[in-house]
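*Asks:* So for the sequence shown, the working numbering puts the first residue at 1; every next one is plus one. C-beta: ideal position from N, C-alpha, C; glycine also.
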Amino acid sequence: MDQTLIAKIVSVIILGVFALIFGLIPLRLKSYFEKMKNDNKKKNIFELFITVIGCFGAGVILTTCLTHMIPEANEYMTEAVGKGIMTDTGFPLVEILALAGFLLIYFVEEIVHILSHRWSKPGSHLDGESTSPVGHTHEFVVEEVLSSASHFKAALRALIIIVALGLHSLFEGMAIGLGLTPHYVWYLFFAIASHKFVIAFVIGMQFVVSGLSRIMVVSLICIFSSISPLGIIIGILVTNTGDNNQESPEQTVAITVLNGLAAGTLLYVVFFEVLEKERAKQKNGLIQVGSIMMGFLFMVLISAIEISTEGKEESTDRAVDAPAYCSLNQLAQLSSPLGQVLDLDYLKSLNFTCENGVLKTV
1 MDQTLIAKIV SVIILGVFAL IFGLIPLRLK SYFEKMKNDN KKKNIFELFI
51 TVIGCFGAGV ILTTCLTHMI PEANEYMTEA VGKGIMTDTG FPLVEILALA
101 GFLLIYFVEE IVHILSHRWS KPGSHLDGES TSPVGHTHEF VVEEVLSSAS
151 HFKAALRALI IIVALGLHSL FEGMAIGLGL TPHYVWYLFF AIASHKFVIA
201 FVIGMQFVVS GLSRIMVVSL ICIFSSISPL GIIIGILVTN TGDNNQESPE
251 QTVAITVLNG LAAGTLLYVV FFEVLEKERA KQKNGLIQVG SIMMGFLFMV
301 LISAIEISTE GKEESTDRAV DAPAYCSLNQ LAQLSSPLGQ VLDLDYLKSL
351 NFTCENGVLK TV
């Protein structure tokens, strides 16, 4: 079997299984945490732990949006403009799409908020507790969602997170599936796995503490963990049946638009779902900010490792694949005194060929 295909199949299995395991770990911890409810000392420790995890996750997701999703969408847009698929209007299209995603989810939340008032019965909320989708306080995170309307809003937010992160995971998986060499596939696998498992644990913890039922948490984590493998499978099918690993114009535009919208939806969730709740707890603000910074620094470190590895990987790929460019030998330099690097197809038209990185006459 082809080594590249083996690498892709192994990536499917490991990404799917370990994302599922990391996402379900919080469910195993839930029963232990609930035992702390009657012990004030342990309860305070648990609340601090939830604050640290929540803020760390906010830093991870926020950095993912601003350093992965939006730049990736900009890359696809630049590619689309270069190919003539899209027109460069001068507008920051990706950033506008991100804001559109942000406002779209804000609008949906407000509609849910209005409907929840009609559905909820008198006395279904705690006295003095705000029913607003943002800014409400809670005494203990496990008891946060009490009414059916609040359960619905919690489920809606969880679904928003899954859809937004799922779109990004799908594109990441497709990148693995579209890889043409085992080295490139393994590089992408480690780059994606390094943050996917952390995000799986973080969103699993968010689902648990938001009061979602066990079956709902398991279902959502199963969906999330299966999206990257699905993307890899799609990429494998494209490389086996598609046109030389090139996205169609429609695919390029769709990836640009969906990545931009997904980034905006995640920004809304981070600011109005996670950080707003954490600030309402009136805990030590330095711990919250420090945890956010830890999540940010973790993702920056991962990005630095990715960039460093990518440079080495590109060098390896150039050594393995047929060279697209050729260095100039002395004969070529006579006709090209500036010593510029010439395109291989252009050189062939001049009766030159490229062998082992050296120009030769045909």
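1. Can you tell me where the alpha helix (DSSP H) with Gly264 in it begins and where it stops?
2. Run through the stretch 158–192 for me and flag every whole beta strand (DSSP E) of 3 or more residues, listed as ranges in chain order.
3. Find out if the Cβ-Cβ distance for the pair Ala19, Ile221 is shorter than 9 Å.
4. Which two residues bound the contiguous alpha helix (DSSP H) that contains Thr63?
5. The alpha helix (DSSP H) that contains Glu276, what's its start and end?
6. In terms of residues, what are the limits of the alpha helix (DSSP H) holding Gly82?
7. Find the nearest neighbour of Gly59 within the set Phe207, Phe189, Val198, Leu170, judged by alpha-carbon distance.
8. Could you check if Lys41 is buried or exposed, using at least 16 other CB atoms within 10 Å of its CB as the buried criterion?
9. Just the Cα atoms here: how many angstroms apart are Lys8 and Gly82?
10. Could you check the C-alpha separation between Asp2 and Glu172 for me, to the nearest Å?
11. Could you name the residues of the same chain whose beta carbon sits closer than 6 Å to that of Asn74, not counting the 5 residues immediately before and after it, in chain order?
12. With H, G and I counted as helix, E and B as strand and the rest as coil, what does DSSP make of Pro229?
13. By alpha-carbon positions, which one of Leu27, Thr181, Ile227 ends up nearest to Ala164?
14. With distances taken Cα to Cα, identify the nearest neighbour of Ile105 among Val289, Ile292, Gly264, Gly290.
15. Taking contact to mean at least 3 C-beta pairs separated by less than 8 Å, is the stretch 50–70 in contact with the stretch 269–280?
16. For Met299, does the three-state DSSP call read helix, strand or coil?
17. Short of 6 Å in beta carbon distance, which residues of its chain neighbour Ser291, apart from the five on each side in sequence? Order them along the chain.
18. Using 8 Å for Cβ pairs, my map puts Gly231 next to Gly177. What's the rounded Cβ distance?
19. Under a three-way DSSP split, which group does Thr89 fall into?
*Replies:* Here's the rundown:
1. 249–268
2. none
3. yes
4. 40–64
5. Here the alpha helix (DSSP H) through Glu276 covers 276–280.
6. 70–82
7. Ranking Phe207, Phe189, Val198, Leu170 by Cα distance to Gly59 puts Val198 first.
8. exposed
9. 30 Å
10. C-alpha separation (whole angstroms): 22 Å.
11. Val94
12. helix
13. Ile227
14. Considering only alpha carbons, the answer is Gly264.
15. The stretch 50–70 is in contact with the stretch 269–280.
16. helix
17. Val52, Cys55, Phe56
18. 6 Å
19. coil
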